[in-house]
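Chemist: One structure, pasted below without further comment.
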């Protein structure tokens with residue numbers, strides 16, 4: 150730990166140690182080891198059997214493949230994976246193209262909506278001006294017959 154630190158025994162270690170000392174008894178462990186070595190087929194514990202033997206028995210019954218057969222299977226698998234990956238990338242490209250098309254259509258729609266809104270505002274202003282002109286003309290028409298009677302009608306004898 151370094152020159153500045155001193156390692157010592159904690160106060161609780163002395164209290165936990167038996168007063169008369171003790172010797173380690175490994176007889177139980179040795180007995181269990183001998184039992185396991187004598188009967189390798191027995192259950193190891195908790196219902197778990199020695200599964201290595203089961204794996205070996207299963208593999209012994211499996212058909213034997215040659216390197217050529219195995220290589221063929223690997224190539225077939227690789228071909229299938231490449232085909233699937235190509236299909237996935239094609240679908241991704243198609244999706245990206247569709248998204249770009251939709252984004253462009255949304256931009257066009259937004260532009261048209263903005264133009265329509267501006268046109269509507271301009272037309273509303275023109276309508277307001279025209280309504281004012283119509284109101285002024287109506288007032289002139291209303292006052293016209295009274296003015297003609299006062300000034301005299303040149304068309305009448």
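Residue numbers (the working numbering): 150 to 306.
Even for Gly, the Cβ is constructed at its ideal location relative to N, Cα and C.
Source: prediction; values computed, not measured.
(1) Would you report the Cα separation of residue 294 and residue 257, rounded to the nearest angstrom?
(2) Given this structure, state the Cα-to-Cα distance separating residue 276 from residue 255, to the nearest angstrom.
(3) Out of curiosity, what's the CA-to-CA distance linking residue 238 and residue 223?
(4) Please give the ranges of any alpha helix (DSSP H) in the region 201-265, keeping only runs that are unbroken, at least 4 residues long and fully inside the region.
(5) To the nearest angstrom, how far is the alpha carbon of residue 207 from that of residue 218?
(6) Can you find the residues in the same chain that come closer than 7 Å, C-beta to C-beta, to residue 272, ignoring five residues on each side of it along the sequence?
(7) Can you tell me the Cα-Cα spacing of residue 225 and residue 236, whole angstroms?
Modeler: Per the coordinate set shown:
(1) Straight through space, the alpha carbons of residue 257 and residue 294 are spaced by roughly 56 Å.
(2) 31 Å
(3) C-alpha separation (whole angstroms): 22 Å.
(4) none
(5) 20 Å
(6) Here the set comprises nothing.
(7) 17 Å
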